[in-house]
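Just so it is clear: in the sequence shown, position 190 is 748 by the working numbering, and no numbers are missing.
Written out below as structure tokens is the structure these notes cover.
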Amino acid sequence: MSVIAELRIPAADFELGRILNLSDDISVELETLVPAGDRAVPFFWVHGVDAETFATRLRTGGGVHGVEIVEEFEDQTLYGLDWNAEDDRFLSGIREQCGQILRATGRGDRWRFELRFPDHDALSAFRTHCTDAEVTLTVARVYHPSQPDAGPRFGLTEHQHEALTLAVEMGYYDVPRRCNTVEVAGELGISDQALTERLRRGISTLAANTVFARPDATAAE
């Protein structure tokens, strides 16, 4: 049975994180990772940068064969990065264990990954690989996608559930609050405005399917 792991990793502990070298005001979301011969071409959205300036910085950095600006939309840019992924021990560990990257976001010196592996043995082998490669992993959650709590709960989308869970864990709803929306958004690799909207919609959906739900009503999928 496949297993999904949600984890955090310092940007300095894997090659792609070091190449992108993000500041705290820049966030990245991996769109896809496409094999191209002996290389892997990641496509990723970058928020909060000047498109050409960021591309130029990447081109002048080490280990990069080429950078393409694929699309620009308001304050975000989609890039394609041609590089040799064999140098990245973290990503090679995922590939060796037949893992899949379901989601990856980064901001500043922190990245968050959601990875799917064929089974627990593959996940265990991947964690051993990372330990041997001196890659620091902080595992936030491990679950089977077939379990009831793997998908939306009480009508929440996956992203709403993730945002609300993290906000609670970080103390956003504590009295007094132990963090603000900027800090929570940073952990998710999204903007403060996007997080606020995600929390608002999530709470509205949660209330509609719990507080205001009829006793015999079924939560929306």
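In this text, a Cβ means the ideal position worked out from N, Cα and C, and glycines have one as well.
What is the DSSP secondary structure of residue i, counted as helix, strand or coil?
{"i": "A743", "result": "helix"}
{"i": "H623", "result": "strand"}
{"i": "H702", "result": "coil"}
{"i": "A594", "result": "Any reading at A594 must be qualified, since the residue scores a pLDDT of 47, below 50, and its modelled position is unreliable; no value is offered."}
{"i": "M559", "result": "coil"}
{"i": "I659", "result": "strand"}
{"i": "F601", "result": "strand"}
{"i": "I577", "result": "helix"}
{"i": "S749", "result": "coil"}
{"i": "E654", "result": "helix"}
{"i": "D707", "result": "Any reading at D707 must be qualified, since the residue scores a pLDDT of 46, below 50, and its modelled position is unreliable; no value is offered."}
{"i": "V586", "result": "strand"}
{"i": "L714", "result": "coil"}
{"i": "D640", "result": "strand"}
{"i": "R736", "result": "coil"}
{"i": "F648", "result": "helix"}
{"i": "G729", "result": "coil"}
{"i": "T614", "result": "helix"}
{"i": "T776", "result": "Any reading at T776 needs caution, since the residue's pLDDT is 37, under 50, leaving its predicted position unreliable; the model's value is listed next. Residue state, collapsed to three classes: coil."}
How about residue i and residue j: do their beta carbons lie closer than 8 Å?
{"i": "F675", "j": "L636", "result": "no"}
{"i": "T694", "j": "I567", "result": "yes"}
{"i": "G681", "j": "L660", "result": "Looking at the sequence shown, residue 681 is not Gly but Leu. Against a cut-off of 8 Å, the Cβ pair of L660 and L681 comes out as no contact."}
{"i": "V733", "j": "T663", "result": "no"}
{"i": "H687", "j": "E654", "result": "yes"}
{"i": "V742", "j": "M728", "result": "yes"}
{"i": "E573", "j": "G621", "result": "yes"}
{"i": "D646", "j": "V599", "result": "no"}
{"i": "Q718", "j": "R685", "result": "no"}
Give the DSSP bridge partners of residue i, in chain order.
{"i": "Q634", "result": "H605 and F631"}
{"i": "V697", "result": "L565"}
Inset, instruction - Enumerate, from N- to C-terminal direction, the unbroken alpha helix (DSSP H) stretches of 4 or more residues contained entirely within the region 662-695. - result: 678-690
Legend entry - Touching by the beta-carbon criterion (3+ pairs, under 8 Å), the region 661-669 and the region 619-636: no
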